[in-house]
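Just so it is clear: in the sequence shown, position 360 is 359 by numbering that gives the first Met the number 0, and no numbers are missing.
Note that the Cβ used here is the ideal one computed from N, Cα and C, for glycine as well.
Note that the structure is a prediction, hence the values are computed from the model and not measured.
Comments concern the structure below.
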Amino acid sequence: MARPFSSSSPISIFFAILLLSINTISSSRGSPDEAATAFFIFGDSIVDPGNNNYIETTPEKKANYHPYGHNGFFDKPTGRFTDGRVIVDFIAEYAKLPIIPPFLQPSASFINGANFGSAGAGILPETNQGLVIDLQTQLKQFDEVRSNLTEELGVEKARELISQAVYFISIGSNDYMIGYILNPTMREAYLPEEFVSMVIGNLSQSIQALYDKGARKFCFLSLCPLGCLPALRAANPKADGGCFEDISALASAHNNALAAVLTSLAHIFKGFKYANTDFYSWLKERIHNPSKYGFKDGVNACCGAGPYRGVFSCGKTKEGSDYQVCDSPEDYVWWDSFHASERIHEQVAKLLWSDPPSSVGPYNLEKLFFGEEKLRIADVVDEGDGLGDFGTLA
Ligand SMILES: *[C@@H]1O[C@H](CO)[C@@H](O)[C@H](O)[C@H]1NC(C)=O
Ligand SMILES: *[C@@H]1O[C@H](CO)[C@@H](O)[C@H](O)[C@H]1NC(C)=O
Numbered sequence: 000m001a002r003p004f005s006s007s008s009p010i011s012i013f014f015a016i017l018l019l020s021i022n023t024i025s026s027s028r029g030s031p032d033e034a035a036t037a038f039f040i041f042g043d044s045i046v047d048p049g050n051n052n053y054i055e056t057t058p059e060k061k062a063n064y065h066p067y068g069h070n071g072f073f074d075k076p077t078g079r080f081t082d083g084r085v086i087v088d089f090i091a092e093y094a095k096l097p098i099i100p101p102f103l104q105p106s107a108s109f110i111n112g113a114n115f116g117s118a119g120a121g122i123l124p125e126t127n128q129g130l131v132i133d134l135q136t137q138l139k140q141f142d143e144v145r146s147n148l149t150e151e152l153g154v155e156k157a158r159e160l161i162s163q164a165v166y167f168i169s170i171g172s173n174d175y176m177i178g179y180i181l182n183p184t185m186r187e188a189y190l191p192e193e194f195v196s197m198v199i200g201n202l203s204q205s206i207q208a209l210y211d212k213g214a215r216k217f218c219f220l221s222l223c224p225l226g227c228l229p230a231l232r233a234a235n236p237k238a239d240g241g242c243f244e245d246i247s248a249l250a251s252a253h254n255n256a257l258a259a260v261l262t263s264l265a266h267i268f269k270g271f272k273y274a275n276t277d278f279y280s281w282l283k284e285r286i287h288n289p290s291k292y293g294f295k296d297g298v299n300a301c302c303g304a305g306p307y308r309g310v311f312s313c314g315k316t317k318e319g320s321d322y323q324v325c326d327s328p329e330d331y332v333w334w335d336s337f338h339a340s341e342r343i344h345e346q347v348a349k350l351l352w353s354d355p356p357s358s359v360g361p362y363n364l365e366k367l368f369f370g371e372e373k374l375r376i377a378d379v380v381d382e383g384d385g386l387g388d389f390g391t392l393a
């Protein structure tokens, strides 16, 4: 009686080939310095995956209730401020990583990275102080993850993971909206340009702190035209239905200063690589020409109350705070009074992932995650060397 899997049987040859091809597949992106790519995320409600569920704060800084998560991608509201996924969920998918867990989620594993985002957070600790996890605190939390990874993996492997990882930073809107425009003390103490340079000064210190801890690959989401958020359009003293331009001007000044800082950091710091884009113009274009990008409405929020659904009552069932939800959030640029729809998150993620240096640069995320060398040939075919066109951010 023949043994079922003698070494020469067709079945064992089949298995041998299968094993061989599995090995080949995994080693094609599994060489030691490629395998351990992790993703660390810092920011505010644009990226918060539910950290604020675990802190004591006000109801409008949480989103773990209906109709948040309306499209059912996650089986219940998670704390994300949109109808489904946020930008970094899409990026994790493109990078072939699992969804990156919130730092505060009990017993989460951070071997693929951690998300420190906290809705309402600012670059300055004074912004929404006591109600959010500000950027400096997010950096301290990163230290804890880093030292645990060092214990788990050993010094060498942890250092490799930290230097190969991509660091996504999306923060600043709250400093201008809450920390400045709505804060008479700050407005009396600082001229707009002084305030911008204080915010940028603190942001560059944070970037440098991450670099000192071994981070090398960064992606920045700059600020959108804040005055066009439905809440601020509704609050525009000009009441002509237009965007609140004084607030957008601060966002624009911030973006220009950030672009300049990044250019100089890339000169000063060896190995510092980054992706940045003109998110301001990109979103403004969708607000003004929604139908060109598959949207029906670039002005009103899907969820909220009042003019433009700019009253931030989405999901708040307290007495007296009524709200409406649209039928098709995917038709809207804005999900609620302050936050974009999942569809916008997805489009931004695609932009940052693969667009050429004329719109995302000097690197895009695909290059930061999977290495530039591999992609250089395709780049040459697509758009020449391209690397020189960046640096003309509006
Ligand atoms: C780090 O390790 C300590 C000790 O095992 C543990 O109590 C803590 O929760 C860990 N922190 C993180 C962020 O994993
Ligand atoms: C950082 O912000 C603080 C206020 O929180 C300010 O006093 C300080 O000057 C800022 N630092 C830089 C480098 O701008």
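What does the alpha-carbon distance come out to for the pair V324 and H65? If you take the alpha carbons of V324 and H65, they lie about 10 Å apart.
Cα-Cα separation, A248 to C313: Their backbone Cα atoms lie some 27 Å apart in a straight line.
Is L138 close to chain B? Criterion is C-beta to C-beta, closer than 8 Å. Among the chains of the structure shown, chain B does not appear; only one protein chain is present.
For L261 and Y279, what's the separation of their Cα atoms in angstroms? C-alpha of L261 to C-alpha of Y279: approximately 17 Å in a straight line.
When K212, D174, G42, G83 are compared against K144, the one with the closest alpha-carbon: Going by the sequence as given, residue 144 is Val instead of Lys. For the set K212, D174, G42, G83, the Cα lying nearest the Cα of V144 is the one of K212.
Euclidean distance between Cα positions of I246 and N63: Computed Cα separation, rounded: 28 Å.
Ligand 2 and P306: does the residue's C-beta get closer than 7 Å to at least one heavy atom of that ligand? Using a cutoff of 7 Å, the CB of P306 does not count as near ligand 2, since none of the ligand's heavy atoms is closer than that.
Would you give the residue range spanned by the alpha helix (DSSP H) that P289 belongs to? According to the DSSP assignment, P289 belongs to no alpha helix (DSSP H), since it is labelled neither H nor E.
Cutting at 8 Å between CB atoms, please list the residues of its own chain near I180, excluding the five before and the five after it. Sequence-distant partners of I180 (beyond 5 residues in either direction) whose C-beta falls short of 8 Å from its own C-beta, in its chain, are R186, D245, I246, L249.
Here's the rule I'm using: 16 or more other beta-carbon atoms within 10 Å means buried, otherwise exposed. How should K366 be labelled? Its Cβ being crowded by 16 or more others within 10 Å, K366 is buried.
Would you mind working out which of Q140, D277, I132, H69 sits nearest N363, comparing C-alpha positions? When Q140, D277, I132, H69 are compared, the shortest CA-CA separation from N363 is found for D277.
Contact the stretch 36 to 52 vs the stretch 167 to 178: 3+ CB pairs below 8 Å: The answer is yes - the stretch 167 to 178 touches the stretch 36 to 52, with three or more Cβ pairs under 8 Å.
I need the DSSP call for A113, collapsed to helix, strand or coil. A113: strand per DSSP, three-state reduction.
When burial is assigned at 16 or more other CB atoms within 10 Å of the CB, is E155 buried or exposed? With fewer than 16 other beta carbons inside 10 angstroms of its own, E155 counts as exposed.
Spatial distance of I99 from A339 (CA atoms): C-alpha separation (whole angstroms): 20 Å.
Just mark R28 as buried or exposed, buried being the case when its beta carbon has 16 or more other beta carbons within 10 Å. For R28, the predicted structure reports a pLDDT of 40, less than 50, and the residue's modelled location is therefore unreliable. The matter cannot be settled from this model.
With a 10 Å radius around its C-beta and 16 neighbouring C-beta atoms as the bar for buried, classify N50 as buried or exposed. Result: buried.
Spatially closest choice to P224 from L138, L202, N255, K61, by CA coordinates: Out of L138, L202, N255, K61, the CA that lies nearest to the CA of P224 is found in N255.
Whole-angstrom distance between I90 and K349, CA atom to CA atom: One C-alpha to the other measures close to 8 Å.
Cβ shell of Y292 (< 6 Å), same chain only, five flanking positions each side left out: Cβ contact annotation for Y292 (same chain, cutoff 6 Å, sequence separation greater than five): R285, in chain order.
Please state whether DSSP places W334 in a helix, a strand or coil. If DSSP states are grouped into helix, strand and coil, W334 belongs with coil.
Beta-carbon spacing of S398, L134 below 8 Å: With the chain represented from 0 up to 393, any question about residue 398 goes unanswered, as that position is not in the structure.
How about S228 and S357: are their beta carbons less than 8 Å apart? Contrary to the premise, residue 228 reads as Leu rather than Ser in this sequence. At least 8 Å separates the beta-carbon of L228 from that of S357.
For a minimum of 4 consecutive residues, which ranges assigned as the alpha helix (DSSP H) are wholly contained in the stretch 170 to 198? DSSP runs (the alpha helix (DSSP H)) wholly in the stretch 170 to 198: 172 to 175, 183 to 188.
How big is the Cα-Cα spacing for D326 and F72? D326 and F72: Cα-Cα distance of roughly 16 Å.
Euclidean distance between Cα positions of L96 and D321: C-alpha of L96 to C-alpha of D321: approximately 39 Å in a straight line.
E125: CB within 7 Å of a non-hydrogen atom of ligand 2: Answer for E125: yes, Cβ within range of ligand 2.
I believe A37 touches G153 by the beta-carbon criterion, under 8 Å. Please report the beta-carbon distance rounded to the nearest angstrom. The pair is not a contact, with the Cβ atoms about 16 Å apart (cut-off 8 Å).
Could you spell out where the beta strand (DSSP E) holding P361 opens and where it closes? Where P361 is concerned, the enclosing beta strand (DSSP E) stretches over 359 to 361.
Between the beta-carbon of N275 and the beta-carbon of F219, is there less than 8 Å? Yes, the pair counts as a contact, with Cβ atoms nearer than the cut-off.
Local conformation of C223 per DSSP, three classes: Coil.
Burial state of P58, where buried means 16 or more other Cβ atoms lie within 10 Å: Residue environment for P58: exposed (fewer than 16 other C-beta atoms within 10 angstroms of its C-beta).
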